[in-house]
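Q:
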Amino acid sequence: MALVVDASMVVAWFVIGQAAAHTRKVLARAGREVLHAPPLLQIELASALVKLAHRRKITPAAIGDILTEFEALDLVTDRTPPTARTIASMCRRYALSAYDAAYFELAMRLELPLAAKDGPLVEAARKAGIAFA
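Residue numbers (the working numbering): 1 to 133.
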């Protein structure tokens with residue numbers, strides 16, 4: 001089995017205080033399943049970690065440690081990005097940001113469950129009938 005994972009879920013896996021029972025269950029699956037994500041995940045993860053370091057929630061040194069753990073995951077980065085038109089349409093239809101729409105579109109296209117903590121993305125997935133990991 002496989003699933004699409006978004007940045008909110010990945011951050012929760014590696015940052016103390018961010019994980020809940022559900023995120024730990026998904027992380028356990030990540031060790032057995034292939035994870036898919038748009039290229040945007042790399043950028044969002046870096047941004048989130050730097051912001052957390054600026055807020056002193058993690059140390060600057062922890063960024064490298066977290067990224068090392070992240071890079072060890074079996075992650076497939078999608079190489080077929082959706083068009084701007086597709087993303088804009090999904091944003092309007094499901095009230096998503098363009099960033100969230102990238103994960104949403106990938107889950108729809110690959111017909112895979114979506115692992116996310118982001119409220120609007122989770123709600124849109126439910127409305128669209130996308131399985132939630």
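Glycine residues also receive a C-beta, built at the ideal position from the N, C-alpha and C atoms.
Just the Cα atoms here: how many angstroms apart are P60 and A124?
A: Answer to the nearest angstrom: the Cα atoms are 34 Å apart.
Q: Give the range of the alpha helix (DSSP H) segment to which L110 is assigned.
A: Per DSSP, L110 belongs to the alpha helix (DSSP H) from A98 to L110.
Q: Between L35 and L67, which are expected to be in contact by the criterion C-beta below 8 Å, what is the C-beta distance as a whole number of angstroms?
A: Between L67 and L35 the Cβ distance is about 15 Å, and since that is not below 8 Å, they are no contact.
Q: Provide the residue span of the beta strand (DSSP E) that contains A2, from first to last.
A: It spans A2 to V5 - the beta strand (DSSP E) in which A2 sits, taken as one unbroken run.
Q: By the three-class DSSP mapping on this structure, what secondary structure does L35 have?
A: DSSP places L35 in strand when its eight states are reduced to three.
Q: In angstroms, rounded to a whole number, what distance separates the CA positions of A53 and I63?
A: One C-alpha to the other measures close to 8 Å.
Q: Buried or exposed: which applies to K51, given that a residue is buried once 16 or more other Cβ atoms fall within 10 Å of its Cβ?
A: Counting Cβ neighbours within 10 Å, K51 comes out exposed, since fewer than 16 surround it.
Q: Identify, in the order they occur along the chain, each residue of the same chain with its Cβ nearer than 7 Å to the Cβ of L121, setting aside the five sequence neighbours on each side.
A: Same-chain partners within the cutoff: D6, L96, D100, Y103 and F104.
Q: What's the gap between the Cα of R24 and the Cα of A88?
A: Cα to Cα, R24 sits roughly 32 Å from A88.
Q: What do you reckon, are the CB atoms on V4 and L106 nearer than 8 Å?
A: Taking 8 Å as the Cβ cut-off, V4 and L106 qualify as a contacting pair.
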